[in-house]
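Student:
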Amino acid sequence: MTDPSSTHPSAAAPQPKFACFVTGTDTGVGKTLASAGLLHALSRHHDRVVGMKPIAAGAELHGGTLANDDVLALRAASTLAVPAALDNPVLLPDPLSPHIAAVRAGTRIDIAHIVRSYRALAARADAVVVEGAGGFHVPLSDTETGADLAEALGLPVVLVVGLRLGCLSHAALTADAVRARGLPLAGWIANRIDPRMLAPEDNLRWLAQRLGASLLADIPHQAAPDARALRFDLPAAWTA
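Residues in the sequence shown are numbered consecutively from 357, following this note's numbering.
Below, the structure written as C-alpha coordinates:
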(Lines of atoms letter the chains of each structure in order from A; the text may use other names.)
(Lines give C-alpha, C1' and ligand atoms only; values in the text may rest on other atoms or scores of the structure.)
Protein backbone atom coordinates (compact mmCIF):
# COMPACT_ATOMS: atom_id res chain seq x y z
CA MET A 357 0.00 0.00 0.00
CA THR A 358 1.25 3.48 -0.88
CA ASP A 359 2.15 5.76 2.02
CA PRO A 360 -0.40 8.58 1.64
CA SER A 361 1.78 11.05 3.51
CA SER A 362 4.34 10.94 0.72
CA THR A 363 1.92 11.62 -2.12
CA HIS A 364 -1.15 13.52 -0.93
CA PRO A 365 -1.36 17.03 -2.40
CA SER A 366 0.15 19.76 -0.26
CA ALA A 367 -2.30 22.19 1.29
CA ALA A 368 -0.22 25.01 -0.21
CA ALA A 369 -0.45 23.65 -3.76
CA PRO A 370 -2.96 25.32 -6.11
CA GLN A 371 -6.16 23.29 -6.17
CA PRO A 372 -8.94 23.16 -8.77
CA LYS A 373 -12.47 24.10 -7.76
CA PHE A 374 -13.49 20.50 -8.39
CA ALA A 375 -11.71 17.19 -9.00
CA CYS A 376 -12.73 13.55 -8.86
CA PHE A 377 -11.42 10.07 -9.56
CA VAL A 378 -13.60 7.90 -11.80
CA THR A 379 -13.54 4.14 -11.33
CA GLY A 380 -15.80 1.35 -12.53
CA THR A 381 -17.28 -1.95 -11.53
CA ASP A 382 -15.17 -3.62 -14.22
CA THR A 383 -13.32 -3.03 -17.46
CA GLY A 384 -15.59 -2.10 -20.35
CA VAL A 385 -18.40 -0.52 -18.33
CA GLY A 386 -18.13 2.91 -19.97
CA LYS A 387 -15.79 4.86 -17.70
CA THR A 388 -14.46 6.93 -20.60
CA LEU A 389 -17.93 7.76 -21.93
CA ALA A 390 -19.06 8.72 -18.43
CA SER A 391 -15.89 10.74 -17.78
CA ALA A 392 -16.26 12.60 -21.08
CA GLY A 393 -19.90 13.31 -20.32
CA LEU A 394 -18.94 14.58 -16.89
CA LEU A 395 -16.33 16.87 -18.46
CA HIS A 396 -18.94 18.33 -20.82
CA ALA A 397 -21.33 18.86 -17.91
CA LEU A 398 -18.64 20.57 -15.84
CA SER A 399 -17.65 22.79 -18.77
CA ARG A 400 -21.05 24.49 -18.51
CA HIS A 401 -19.98 25.81 -15.11
CA HIS A 402 -16.16 26.06 -15.26
CA ASP A 403 -13.84 27.56 -17.87
CA ARG A 404 -10.77 25.33 -17.61
CA VAL A 405 -11.95 21.73 -17.56
CA VAL A 406 -9.57 18.86 -18.27
CA GLY A 407 -9.55 15.08 -18.19
CA MET A 408 -6.64 12.93 -17.07
CA LYS A 409 -5.99 9.27 -17.85
CA PRO A 410 -2.95 8.54 -15.65
CA ILE A 411 -2.44 5.03 -17.01
CA ALA A 412 -3.53 4.00 -20.49
CA ALA A 413 -2.81 0.49 -21.74
CA GLY A 414 -3.29 0.00 -25.46
CA ALA A 415 -2.00 2.47 -28.04
CA GLU A 416 -2.25 2.87 -31.80
CA LEU A 417 -0.73 5.28 -34.28
CA HIS A 418 -2.70 8.49 -34.71
CA GLY A 419 -1.06 10.94 -37.08
CA GLY A 420 2.26 9.16 -36.70
CA THR A 421 2.16 9.26 -32.89
CA LEU A 422 1.18 6.52 -30.48
CA ALA A 423 -2.01 7.43 -28.66
CA ASN A 424 -4.78 5.80 -26.67
CA ASP A 425 -8.41 6.14 -27.73
CA ASP A 426 -9.61 6.82 -24.18
CA VAL A 427 -7.06 9.60 -23.78
CA LEU A 428 -8.14 11.14 -27.08
CA ALA A 429 -11.80 11.02 -26.02
CA LEU A 430 -11.02 12.83 -22.76
CA ARG A 431 -8.99 15.45 -24.62
CA ALA A 432 -11.88 16.02 -27.02
CA ALA A 433 -14.19 16.64 -24.05
CA SER A 434 -11.75 18.98 -22.29
CA THR A 435 -11.66 22.76 -22.67
CA LEU A 436 -8.03 22.99 -21.55
CA ALA A 437 -5.16 21.58 -23.60
CA VAL A 438 -2.15 20.37 -21.63
CA PRO A 439 1.05 18.45 -22.45
CA ALA A 440 0.65 14.68 -22.78
CA ALA A 441 3.04 14.22 -19.87
CA LEU A 442 0.37 15.74 -17.63
CA ASP A 443 -2.90 14.23 -18.86
CA ASN A 444 -1.43 10.80 -19.70
CA PRO A 445 1.87 10.28 -17.87
CA VAL A 446 1.87 6.49 -18.42
CA LEU A 447 1.13 5.21 -21.94
CA LEU A 448 1.65 1.48 -22.46
CA PRO A 449 1.46 -0.08 -25.96
CA ASP A 450 -0.27 -3.38 -25.14
CA PRO A 451 -4.00 -3.54 -24.20
CA LEU A 452 -3.42 -5.59 -21.06
CA SER A 453 -3.72 -5.23 -17.32
CA PRO A 454 -1.37 -2.34 -16.47
CA HIS A 455 1.06 -4.45 -14.45
CA ILE A 456 1.53 -6.88 -17.35
CA ALA A 457 1.64 -4.13 -19.98
CA ALA A 458 4.30 -2.29 -17.97
CA VAL A 459 6.53 -5.37 -17.74
CA ARG A 460 6.17 -6.00 -21.48
CA ALA A 461 7.13 -2.37 -22.11
CA GLY A 462 10.19 -2.65 -19.86
CA THR A 463 8.97 -0.05 -17.39
CA ARG A 464 7.24 0.26 -14.03
CA ILE A 465 4.31 2.38 -12.93
CA ASP A 466 5.40 5.02 -10.41
CA ILE A 467 2.46 6.33 -8.39
CA ALA A 468 4.47 9.24 -6.99
CA HIS A 469 5.26 10.37 -10.55
CA ILE A 470 1.57 10.22 -11.46
CA VAL A 471 0.65 12.29 -8.41
CA ARG A 472 3.21 14.93 -9.40
CA SER A 473 1.70 15.04 -12.89
CA TYR A 474 -1.76 15.43 -11.38
CA ARG A 475 -0.63 18.31 -9.17
CA ALA A 476 0.89 20.13 -12.14
CA LEU A 477 -2.29 19.56 -14.14
CA ALA A 478 -4.58 20.59 -11.30
CA ALA A 479 -2.69 23.85 -10.83
CA ARG A 480 -3.81 24.91 -14.33
CA ALA A 481 -7.45 23.85 -14.15
CA ASP A 482 -10.79 24.76 -12.61
CA ALA A 483 -12.08 21.18 -12.79
CA VAL A 484 -10.29 17.86 -13.30
CA VAL A 485 -11.74 14.43 -14.01
CA VAL A 486 -9.23 11.61 -13.46
CA GLU A 487 -10.21 8.32 -15.08
CA GLY A 488 -8.66 5.25 -13.52
CA ALA A 489 -7.73 2.10 -15.41
CA GLY A 490 -9.99 -0.95 -15.19
CA GLY A 491 -11.63 -1.62 -11.84
CA PHE A 492 -10.69 -0.13 -8.49
CA HIS A 493 -8.24 -2.90 -7.58
CA VAL A 494 -6.66 -3.33 -11.02
CA PRO A 495 -3.01 -4.36 -10.49
CA LEU A 496 -0.39 -1.71 -11.26
CA SER A 497 2.51 -3.87 -10.08
CA ASP A 498 3.08 -6.93 -7.92
CA THR A 499 2.46 -4.80 -4.83
CA GLU A 500 0.22 -1.86 -5.85
CA THR A 501 -3.23 -1.46 -7.35
CA GLY A 502 -5.48 1.26 -8.67
CA ALA A 503 -6.78 1.66 -5.14
CA ASP A 504 -3.31 2.77 -4.04
CA LEU A 505 -3.30 5.38 -6.81
CA ALA A 506 -6.74 6.64 -5.82
CA GLU A 507 -5.68 6.87 -2.19
CA ALA A 508 -2.49 8.72 -3.12
CA LEU A 509 -4.46 11.26 -5.17
CA GLY A 510 -6.92 11.66 -2.31
CA LEU A 511 -9.84 12.62 -4.54
CA PRO A 512 -13.54 11.90 -4.09
CA VAL A 513 -14.56 8.90 -6.19
CA VAL A 514 -17.27 8.57 -8.82
CA LEU A 515 -18.30 4.98 -9.55
CA VAL A 516 -19.49 3.91 -13.00
CA VAL A 517 -21.78 0.89 -12.75
CA GLY A 518 -22.22 -1.12 -15.94
CA LEU A 519 -25.80 -2.38 -15.66
CA ARG A 520 -25.71 -6.10 -16.37
CA LEU A 521 -26.19 -9.32 -14.45
CA GLY A 522 -23.73 -9.38 -11.55
CA CYS A 523 -23.32 -5.62 -11.26
CA LEU A 524 -24.95 -5.38 -7.83
CA SER A 525 -22.24 -7.35 -6.07
CA HIS A 526 -19.49 -5.63 -8.07
CA ALA A 527 -20.88 -2.19 -7.22
CA ALA A 528 -21.28 -2.94 -3.51
CA LEU A 529 -17.79 -4.43 -3.26
CA THR A 530 -16.27 -1.44 -5.06
CA ALA A 531 -18.11 1.09 -2.90
CA ASP A 532 -16.91 -0.71 0.22
CA ALA A 533 -13.34 -0.79 -1.10
CA VAL A 534 -13.42 2.95 -1.86
CA ARG A 535 -14.62 3.82 1.62
CA ALA A 536 -12.12 1.42 3.20
CA ARG A 537 -9.39 3.64 1.72
CA GLY A 538 -10.84 6.66 3.50
CA LEU A 539 -12.18 8.15 0.27
CA PRO A 540 -15.68 9.55 -0.13
CA LEU A 541 -17.96 7.99 -2.73
CA ALA A 542 -19.10 11.28 -4.24
CA GLY A 543 -21.60 9.81 -6.67
CA TRP A 544 -22.30 7.05 -9.15
CA ILE A 545 -23.27 6.75 -12.78
CA ALA A 546 -25.47 4.01 -14.21
CA ASN A 547 -24.56 2.88 -17.73
CA ARG A 548 -27.06 0.56 -19.41
CA ILE A 549 -24.51 -1.51 -21.30
CA ASP A 550 -26.76 -4.58 -21.69
CA PRO A 551 -30.03 -3.75 -23.47
CA ARG A 552 -31.31 -7.27 -22.70
CA MET A 553 -30.85 -6.97 -18.95
CA LEU A 554 -33.96 -7.99 -17.04
CA ALA A 555 -35.47 -5.70 -14.38
CA PRO A 556 -33.00 -2.80 -14.76
CA GLU A 557 -35.20 -0.45 -12.71
CA ASP A 558 -35.24 -2.88 -9.79
CA ASN A 559 -31.45 -3.01 -9.98
CA LEU A 560 -31.25 0.78 -10.02
CA ARG A 561 -33.44 1.04 -6.94
CA TRP A 562 -31.25 -1.43 -5.04
CA LEU A 563 -28.08 0.40 -6.08
CA ALA A 564 -29.48 3.77 -5.02
CA GLN A 565 -30.25 2.36 -1.58
CA ARG A 566 -27.05 0.36 -1.14
CA LEU A 567 -24.46 2.80 -2.48
CA GLY A 568 -25.63 5.74 -0.38
CA ALA A 569 -24.43 8.31 -2.90
CA SER A 570 -26.01 10.57 -5.52
CA LEU A 571 -26.95 9.14 -8.91
CA LEU A 572 -25.25 11.60 -11.27
CA ALA A 573 -26.44 10.16 -14.58
CA ASP A 574 -28.41 7.26 -16.04
CA ILE A 575 -26.85 6.59 -19.44
CA PRO A 576 -29.17 4.81 -21.89
CA HIS A 577 -27.91 2.08 -24.17
CA GLN A 578 -26.88 3.60 -27.51
CA ALA A 579 -25.22 2.11 -30.56
CA ALA A 580 -23.17 5.28 -31.03
CA PRO A 581 -23.18 7.18 -27.70
CA ASP A 582 -22.52 10.92 -27.72
CA ALA A 583 -20.88 12.18 -24.54
CA ARG A 584 -22.09 15.73 -25.24
CA ALA A 585 -25.72 14.61 -25.15
CA LEU A 586 -25.56 12.89 -21.77
CA ARG A 587 -27.60 14.46 -18.98
CA PHE A 588 -25.98 14.88 -15.57
CA ASP A 589 -27.43 15.99 -12.26
CA LEU A 590 -24.42 17.63 -10.64
CA PRO A 591 -24.34 18.58 -6.95
CA ALA A 592 -24.30 22.34 -6.39
CA ALA A 593 -20.86 22.17 -4.80
CA TRP A 594 -19.40 20.82 -8.06
CA THR A 595 -20.58 23.80 -10.09
CA ALA A 596 -19.63 26.67 -7.76
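Glycine is no exception: its CB is placed at the ideal position from the N, C-alpha and C atoms.
1. Smallest Cα separation from Asp425: which of Pro451, Val405 and Ala437?
2. From the DSSP output, in three-state form, read off His402 for me.
3. What's the gap between the Cα of Leu572 and the Cα of Arg548?
4. What does Leu448 pair with, by DSSP beta-bridge criteria?
5. Indicate whether Thr446 and Ala483 have their beta-carbon atoms separated by less than 9 Å.
6. Run the CB neighbour count on Pro410, radius 10 Å, all protein chains shown included, and call it buried at 16 or more, exposed below.
7. Using the three-state DSSP reduction, which class does Gly568 fall into: helix, strand or coil?
8. Report all residues from its chain with a CB closer than 6 Å to the CB of Phe492; omit the five preceding and five following residues, and keep chain order.
9. Tell me which residues share the same chain as Pro370 and place their Cβ nearer than 6 Å to its Cβ, disregarding the 5 neighbours each side in the sequence.
10. For Ile470 and Leu586, what's the separation of their Cα atoms in angstroms?
11. Which residue or residues does DSSP assign as beta-bridge partners of Thr379?
12. Between Glu315 and Thr383, which are expected to be in contact by the criterion C-beta below 8 Å, what is the C-beta distance as a whole number of angstroms?
Tutor: The structure says:
1. As a first step, residue 425 is located in the sequence shown; it is residue number 69 there, counting from the start. Nearest C-alpha to Asp425: Pro451.
2. Mapped onto the sequence shown, residue 402 falls at position 46. In the displayed model, His402 falls within coil according to three-state DSSP, outside both helix and strand.
3. The residue given as residue 572 occupies position 216 in the sequence shown. The residue given as residue 548 occupies position 192 in the sequence shown. Their Cα atoms are separated by approximately 14 Å.
4. To locate residue 448, count along the sequence shown from 1; it is residue 92. Note: Leu448 sits in a beta bridge opposite Ala413.
5. In the sequence shown, the residue the question calls residue 446 occupies position 90. In the sequence shown, the residue the question calls residue 483 occupies position 127. Strictly speaking, residue 446 in this sequence is Val, with Thr absent from that position. Val446 places its beta carbon 9 Å or farther from that of Ala483.
6. In the sequence shown, residue 410 corresponds to position 54, counting from 1. Pro410 sits buried, since 16 or more C-beta atoms from the chains shown fall within 10 Å of its C-beta.
7. Residue mapping note: residue 568 aligns to position 212 of the sequence shown, counting from 1. DSSP places Gly568 in the coil class of the three-state scheme, outside both helix and strand.
8. Taking the sequence shown and counting its residues from 1, one reaches residue 492 at position 136. Taking Phe492 as the centre and dropping the five residues before and after it, the same chain places the C-beta of Thr379, Gly502, Ala503, Thr530 and Ala533 closer than 6 Å to its C-beta, in chain order.
9. Taking the first residue of the sequence shown as position 1, residue 370 is located at position 14. So the qualifying residues of the chain are Ala479.
10. For this step, residue 470 is matched to residue 114 along the sequence shown. For this step, residue 586 is matched to residue 230 along the sequence shown. The alpha-carbon separation between Ile470 and Leu586 amounts to approximately 29 Å.
11. Residue numbering aside, residue 379 sits at position 23 when the sequence shown is read from its first letter. DSSP lists Leu515 as partners of Thr379.
12. Nothing in the structure corresponds to residue 315, since the chain is present only between 357 and 596.
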